[in-house]
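Residue numbers (the numbering used here), protein chains in the order written: chain A, 146 to 439; chain B, 1317 to 1606.
We put the CB at the ideal spot given by N, CA and C, even for glycine.
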Amino acid sequence: MLAYLQNIVVLFSINAILALTLNFIMGYAGIFSLAHAVFFGIGAYTAAFVALNYTDSLVLCMLAAMGLSAVISMALALPALRVRGEYFVAASLGLQMIGVTIFSEWKSVTGGLGGMVGIPSPVFLGYTFRSTTDFLILAGVILIGILVITSLLVRGSFGRSLMAIRDSESAAQAYGKSVNTVKTLSVAISAGLAALGGVLYAFYMSFVNVEVFTLDMSILLMAMVIIGGTGTLIGPVVGAAIVMALPAALTYLPFIPPGELGTIQQIIYGSAMVILMMYRPGGVVGARAKGKST
Amino acid sequence: MLYLQLLVNGIQTGALYALIAAGFSLIFGMTRIFHAAHGATFTIAGFVFYEFYAVLEWGLIPSVLACAAAAALFGVLLNRWVYVVIQRHEGSFFTVFAASFGAAIVVQNLIAIFFGKGMVTVSTPLSRSIELMPGLYIAPMAFIAVITAIICFALLHYLFTHTNMGVALRALGENPVLVDVFGLNPKSLGKYAFLIGSVLVVPAAILTAATSGLNPAMGHHVMMISIAATIVGGVGSLRGAAMAGLLFGLAENLSLAFFDPQWSEAVTFVILFLFIIFRPGGFYGRAIVS
């Protein structure tokens, strides 16, 4: 029972890390990305590749994953500089589909559909992370770290520039903000931090394959951010907790056939998205409806 | 011969994509609602047709009517009960998009519960391929698809250029405030945009059911093709959506000559990606303001 709970908490932390980083661009920069799972994937695959082929040092794997993810995020930043709103959503959708195809077809690096197995346990300062408890602590530390980093960034001048750009790009530019730099940086930060979630996932499962990095994951992450509250600090964490608690809670309802669990879960979060958007677009945590103009 | 075969397949797929994309483009162009649940309309139409035609055996005409009614009802009610409610307090594109996406997820899973997650096909004698030339196989369905698409676009063209409602709808796409000033009601015009746009998926859904088959998850693919074709074609341009639909059908099939089939979806999105970066207005689009 304890192991089961610990497992859920580790997976929750990974999801919360991803939701937090997605919220960083979605809620504060107004960049609605449907490609977040790609950066999760890049993190996981990079960590797996580095750990299997070069070194099992946690820090090196993390740096490699973050760096690569931030570099590839330029593919997302490029359309974000050109277009907004609907057009950007479509572009990110395209990136997500291309990403999944590359993950599943670049067999020499990603292992294709079979994925990569037997990823060694990471080592940090001579300590090897093996048990669930180790990962629980590691995930908790990373989650809190990212929470602190994003809250500092958002409260500082960078965050204010981001929000100014979200609310009115031309006004921000008129006040001398470098719109392109700020947007590009925010995408790179978000993607780099999301890669940490991927590193954690790869080492925790010691197995990666393309299944968890698909569009479904991106949508799930988006649902977490929306349900929790876009543009709030703690909202994505709450959203992640709600979305994660749902399948666990559903298993305790005796009248649902186990085969339909996934389906029912999706119906519930789909309807939650519709109803929240209709009556409480700010999410569970968000206090008021923001009149964003896009 | 391989290229010719792929070309023919591409035209058939492209005709269907053009119809699907036209519906989405019409709704998005006229009402500015990013109707991501358009794929769900398609899935509903396809499965209703399957249920009535193949399971209940009602015959072709009643099944088509039932299918059209289901598609129209879904589109119009979603607009009335969800989009209108959202737009009452806030017009943000993303709120509407998230709600629409949620609705699409719900529909996909409800259909999976009722019909199972597998593939269903409606088999007709017309979907069997005939060898026209050595190595060139074409099903009569391909001709039906192309002819249906041409008829639908001719009707749409007539509707938008020769009827008052069509002109009013185009005006709505250009400037909703001015439409209001001229004493027309943008809300009720929006209803008609949803009606027409949703009914447009019907021929494509039926033809897909009869050729490649339906599964509950295909709404995603349909949605992505519609979004991609609408943007590449230029928002609000029916002609553009049709051309882009055709382009994607051809690209998807012709790419088979060079890449593995798994790459065909990526090819579509590389095209979309390049368009968004280099020509975000699409083929015929108005210049967009970012």
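Are the C-beta of residue i and some C-beta of chain A separated by less than 8 Å?
i: glutamine 1578 of chain B; result: yes
i: histidine 1536 of chain B; result: yes
i: valine 1586 of chain B; result: yes
i: phenylalanine 1510 of chain B; result: no
i: asparagine 1531 of chain B; result: no
i: alanine 1428 of chain B; result: yes
i: serine 1606 of chain B; result: Note on serine 1606 of chain B: pLDDT 39, under 50, position unreliable in the model; the coordinate value appears next. Chain A contact via Cβ: present.
i: glutamate 1581 of chain B; result: yes
i: isoleucine 1327 of chain B; result: no
i: valine 1493 of chain B; result: no
i: asparagine 1425 of chain B; result: yes
i: phenylalanine 1431 of chain B; result: no
i: phenylalanine 1589 of chain B; result: yes
i: phenylalanine 1350 of chain B; result: yes
i: phenylalanine 1596 of chain B; result: Residue 1596 of chain B is actually proline in this sequence, not phenylalanine. Yes, contact with chain A.
i: valine 1392 of chain B; result: no
i: isoleucine 1592 of chain B; result: yes
i: arginine 1422 of chain B; result: The displayed chain sequence assigns valine, not arginine, to residue 1422 of chain B. It does: the Cβ of valine 1422 of chain B has a partner Cβ on chain A nearer than 8 Å.
i: valine 1398 of chain B; result: yes
Checking contacts by CB at 8 Å: is residue i closer than that to chain B?
i: phenylalanine 177 of chain A; result: yes
i: methionine 261 of chain A; result: no
i: lysine 437 of chain A; result: Here the model assigns lysine 437 of chain A a pLDDT of 42, short of 50, so the residue's position is not dependable, and the following value carries that caveat. Yes - at least one Cβ of chain B is within 8 Å of the one on lysine 437 of chain A.
i: alanine 434 of chain A; result: Residue confidence for alanine 434 of chain A is low, a pLDDT of 45 falling below 50, so the modelled location carries little weight; the figure read from the coordinates is stated next. Yes - at least one Cβ of chain B is within 8 Å of the one on alanine 434 of chain A.
i: alanine 443 of chain A; result: The structure shown does not extend to residue 443 of chain A, since chain A spans only 146 to 439, so no value can be given for it.
i: phenylalanine 157 of chain A; result: no
i: proline 426 of chain A; result: yes
i: glutamine 318 of chain A; result: no
i: valine 266 of chain A; result: Rather than valine, the amino acid found at residue 266 of chain A in this sequence is serine. Taking Cβ atoms only, chain B never reaches closer than 8 Å to serine 266 of chain A, which makes this a no.
i: valine 419 of chain A; result: yes
i: leucine 360 of chain A; result: yes
i: methionine 308 of chain A; result: no
i: isoleucine 364 of chain A; result: yes
i: methionine 350 of chain A; result: no
i: methionine 422 of chain A; result: yes
i: serine 323 of chain A; result: no
When DSSP labels each residue in this structure, what does residue i get in the three-state scheme?
i: tyrosine 1609 of chain B; result: This structure cannot settle anything about residue 1609 of chain B, because the visible part of chain B is limited to 1317 through 1606.
i: phenylalanine 1594 of chain B; result: helix
i: phenylalanine 1410 of chain B; result: helix
i: tyrosine 173 of chain A; result: helix
i: phenylalanine 1459 of chain B; result: helix
i: methionine 219 of chain A; result: helix
i: valine 1436 of chain B; result: strand
i: leucine 213 of chain A; result: helix
i: tryptophan 1579 of chain B; result: helix
i: glutamate 1373 of chain B; result: coil
i: leucine 330 of chain A; result: helix
i: tyrosine 397 of chain A; result: coil
i: asparagine 1480 of chain B; result: helix
i: phenylalanine 1350 of chain B; result: coil
i: tyrosine 1600 of chain B; result: coil
In the DSSP output, which residue or residues are listed as bridge partners for residue i?
i: glutamate 1447 of chain B; result: B:Tyr1453
i: tyrosine 482 of chain A; result: Residue 482 of chain A falls outside the range modelled here, since chain A spans only 146 to 439, and no answer is possible.
i: serine 202 of chain A; result: A:Val268
i: phenylalanine 352 of chain A; result: A:Val262
i: leucine 1530 of chain B; result: B:Val1436
- Cβ pair count under 8 Å reaching 3, the segment 357-364 of chain A against the segment 280-300 of chain A: no
- Quick one: which residues of the segment 1400-1419 of chain B get their C-beta closer than 7 Å to a C-beta of chain A? List them in chain order. Val1401, Ile1402, His1405, Glu1406, Ser1408, Phe1409, Phe1410, Thr1411, Phe1413, Ala1414, Ala1415, Phe1417, Gly1418, Ala1419
- Given 8 Å, three or more beta-carbon pairs between the segment 215-229 of chain A and the segment 175-185 of chain A: The segment 215-229 of chain A is in contact with the segment 175-185 of chain A.
- Stretch-stretch touch, CB-based, cutoff 8 Å, three pairs: the segment 1528-1544 of chain B with the segment 1338-1353 of chain B: With contact defined as three or more Cβ pairs closer than 8 Å, the segment 1528-1544 of chain B and the segment 1338-1353 of chain B are in contact.
- Output, in sequence order along the chain, the residues in the segment 239-263 of chain A whose CB is closer than 8 Å to any CB in chain B. Gly239, Leu240, Met242, Ile243, Thr246, Ile247, Ser249, Glu250
- Item | chain A contacts made by the segment 1538-1559 of chain B, where a contact means CB separation under 7 Å | Met1540, Ile1543, Ala1544, Ile1547
- Item | Validate contact between the segment 205-212 of chain A and the segment 232-239 of chain A using beta carbons, cut 8 Å, 3 pairs | no
- Query: Taking one C-beta from the segment 1350-1361 of chain B and one from the segment 1493-1505 of chain B each time, how about it: are there three or more such pairs within less than 8 Å?
  - Reply: no
- Interfacial residues, the segment 219-239 of chain A to chain B, with Cβ spacing under 7 Å: Leu223, Pro224, Arg227, Val228, Arg229, Gly230, Glu231, Tyr232, Val234, Ala235, Ala236, Leu238, Gly239
- Item | Meets three-Cβ-pair contact criterion under 8 Å: the segment 1372-1384 of chain B and the segment 1563-1576 of chain B | no
- Three or more C-beta pairs closer than 8 Å, one from the segment 1521-1529 of chain B and one from the segment 1476-1489 of chain B: is that the case here? The answer is no - the segment 1476-1489 of chain B does not touch the segment 1521-1529 of chain B, with fewer than three Cβ pairs under 8 Å.
- Evaluate contact between the segment 361-381 of chain A and the segment 153-168 of chain A, counting only Cβ atoms and requiring at least three cross-stretch pairs below 8 Å. yes
- Under 9 Å (Cβ pairs) to chain B, residues found in the segment 367-389 of chain A: The residues in question are Met367, Ala368, Ile371, Thr375.
- Please name the residues in the segment 402-416 of chain A whose beta-carbon is closer than 8 Å to at least one beta-carbon of chain B, in chain order. Glu405, Thr408, Ile409, Gln411, Ile412, Tyr414, Gly415, Ser416
- Quick check: the segment 399-414 of chain A against the segment 1453-1465 of chain B, are there 3 or more CB pairs under 8 Å? no
- How do the segment 1488-1499 of chain B and the segment 1317-1333 of chain B stand: do at least 3 beta-carbon pairs fall below 8 Å, yes or no? no
- Query: For the segment 327-347 of chain A against the segment 250-258 of chain A, are there 3 or more C-beta pairs whose distance is under 8 Å?
  - Reply: Not touching, per the Cβ criterion.
- Cβ contact check for the segment 1509-1526 of chain B and the segment 1463-1479 of chain B: 3 or more pairs under 8 Å: Short answer: they touch.
- Query: Any chance the segment 1385-1392 of chain B sits against the segment 1548-1559 of chain B, with 3 or more Cβ pairs inside 8 Å?
  - Reply: Verdict: no, contact absent.
- Query: Is the number of C-beta pairs between the segment 407-424 of chain A and the segment 1390-1405 of chain B that are closer than 8 Å three or more?
  - Reply: yes
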